[in-house]
Amino acid sequence: MGRAESLEGKMSTQDPSDLWSRSDGDAELLQELGWYHGNLTRHAAEALLLSNGCDGSYLLRDSNERTGLYSLSVRAKDSVKHFHVEYTGYSFKFGFNEFSSLKDFVKHFANQPLIGSETGTLIVLKHPYPRKVEEPSIYESVRVHTAMQTGRTENDLVPTAPSLGTKEGYLTKQGGLVKTWKTRWFTLHRNELKYFKDQMSPEPIRILDLTECSAVQFDYSQERVNCFCLVFPFRTFYLCAKTGVEADEWIKILRWKLSQIRKQLDQGEGAIRSRSFIFK
Numbered sequence: 001m002g003r004a005e006s007l008e009g010k011m012s013t014q015d016p017s018d019l020w021s022r023s024d025g026d027a028e029l030l031q032e033l034g035w036y037h038g039n040l041t042r043h044a045a046e047a048l049l050l051s052n053g054c055d056g057s058y059l060l061r062d063s064n065e066r067t068g069l070y071s072l073s074v075r076a077k078d079s080v081k082h083f084h085v086e087y088t089g090y091s092f093k094f095g096f097n098e099f100s101s102l103k104d105f106v107k108h109f110a111n112q113p114l115i116g117s118e119t120g121t122l123i124v125l126k127h128p129y130p131r132k133v134e135e136p137s138i139y140e141s142v143r144v145h146t147a148m149q150t151g152r153t154e155n156d157l158v159p160t161a162p163s164l165g166t167k168e169g170y171l172t173k174q175g176g177l178v179k180t181w182k183t184r185w186f187t188l189h190r191n192e193l194k195y196f197k198d199q200m201s202p203e204p205i206r207i208l209d210l211t212e213c214s215a216v217q218f219d220y221s222q223e224r225v226n227c228f229c230l231v232f233p234f235r236t237f238y239l240c241a242k243t244g245v246e247a248d249e250w251i252k253i254l255r256w257k258l259s260q261i262r263k264q265l266d267q268g269e270g271a272i273r274s275r276s277f278i279f280k
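All letters in the sequence shown, in the order written, are residues 1 to 280 by UniProt numbering.
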């Protein structure tokens, strides 16, 4: 794992290597921990874990309460729980446990992947949520599942996750010619938004090429709640989700996808202009 950028002295004026490693000399820096997200907000952590994580996904971030205090955010089914992790200057405190180094702290998650919530239920720490999630250049979804077993080491906790550009779920869609509303199964992958009659259907009813989509936005013209639209030159598609949160997730992920498409197009145009300048 390559060394990430420094934390710009947020936690202490001490050198980071002194702050996060101990005398054994081989503990990783906090910034190099793939599932440490720095000053990610509580709201953003919840949005990430709920939209792209799964039950047992977790990440570590700075707490906004005070310096030296961190939050472990964990997805537990359809909610996200937050737990304090405190750096005392000499050790890490997490619940009733105390660790003398970051290395020991990470080992704890490899071998003791259970924590209790305030309700007394156990939450399993399965999948470290990566700080850096990029859409692969070939738009392939990478899915790696870490086995839950004892005896793992911190080297097994390499954070991996599906590309942020993938999503699936049921949405209610307005018809084209006949303006009736029907529930369809939607999948988002690469530059394509497909919809099927239902989740078990092998072939899509239609494939929408997002390179032709100009906008994604909430819509209030259809007198339906949780509705949003995708604008294409040939038609505007109206879709409704079950909840406002779900609609917001679809809009955000589709807008992110469109921004990636535009970025690639801009880079391609820039390369063409550069070649034109060379051969003038």
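Think of the CB as a built atom: it goes at the ideal place given N, C-alpha and C, for glycine as much as any other residue.
{"Query": "On the CB-based measure, 16 or more other CB atoms within 10 Å of its CB, does A76 come out buried or exposed?", "Result": "buried"}
{"Query": "Where does the unbroken alpha helix (DSSP H) through L49 begin, and where does it stop?", "Result": "42-52"}
{"Query": "Count the other CB atoms, across all protein chains shown, that sit within 10 Å of the CB of G176; report buried if there are 16 or more and exposed otherwise.", "Result": "exposed"}
{"Query": "My output table needs one value for W256: the three-state DSSP class, helix, strand or coil.", "Result": "helix"}
{"Query": "What did DSSP end up calling Q112 once you bin it into helix, strand or coil?", "Result": "coil"}
{"Query": "Along the chain, where does the beta strand (DSSP E) that runs through H82 open and close?", "Result": "79-87"}
{"Query": "In angstroms with no decimal places, state the Cα-to-Cα distance between D219 and E86.", "Result": "44 Å"}
{"Query": "Please classify N226 as buried or exposed, where buried requires at least 16 other C-beta atoms within 10 Å of its C-beta.", "Result": "buried"}
{"Query": "When DSSP labels each residue in this structure, what does T211 get in the three-state scheme?", "Result": "helix"}
{"Query": "Spatial neighbours of G53 within its chain, please: CB distance less than 8 Å, with the 5 preceding and 5 following residues excluded, ordered by chain position.", "Result": "R75, H127, Y129, A161"}
{"Query": "Given a threshold of 16 other Cβ atoms within 10 Å of its Cβ, counted over all protein chains shown, does Q199 qualify as buried or as exposed?", "Result": "exposed"}
{"Query": "Tell me, please, whether the stretch 181-201 touches the stretch 244-264 by the rule of three or more beta-carbon pairs shorter than 8 Å.", "Result": "yes"}
{"Query": "Which full runs of the beta strand (DSSP E) of 3+ residues lie inside the UniProt domain \"PH\" (164-259), going along the chain?", "Result": "167-174, 181-189, 192-196, 206-209, 215-218, 227-231, 236-240"}
{"Query": "Going by the CB atoms, is the gap between L59 and H37 shorter than 7 Å?", "Result": "yes"}
{"Query": "Looking at the secondary structure, which residues open and close the beta strand (DSSP E) in which Y70 lies?", "Result": "69-76"}
{"Query": "By alpha-carbon positions, which one of K242, E192, F228 ends up nearest to I261?", "Result": "E192"}
{"Query": "In this structure, how does DSSP classify D62 when only helix, strand and coil are distinguished?", "Result": "strand"}
{"Query": "Which whole-angstrom value is the C-beta distance of T183 and T172, which I expect to be below 8 Å?", "Result": "5 Å"}
{"Query": "Among the residues of its own chain, which have a CB less than 7 Å from the CB of L91, if the five just before and after it don't count?", "Result": "Residue 91 is actually Ser in this sequence, not Leu. Result list for S91: E98, F99, S100, in chain order."}
{"Query": "Starting from the C-beta of L122, find all residues in its chain whose C-beta is less than 8 Å away, skip the five residues before and the five after it, and write them out in chain order.", "Result": "L114, I115, G116"}
{"Query": "Whose C-beta lies closer than 7 Å to the C-beta of Y195 among residues of the same chain, with five residues either side of it excluded?", "Result": "K173, R184, W185, F186, P204, I205, R206"}
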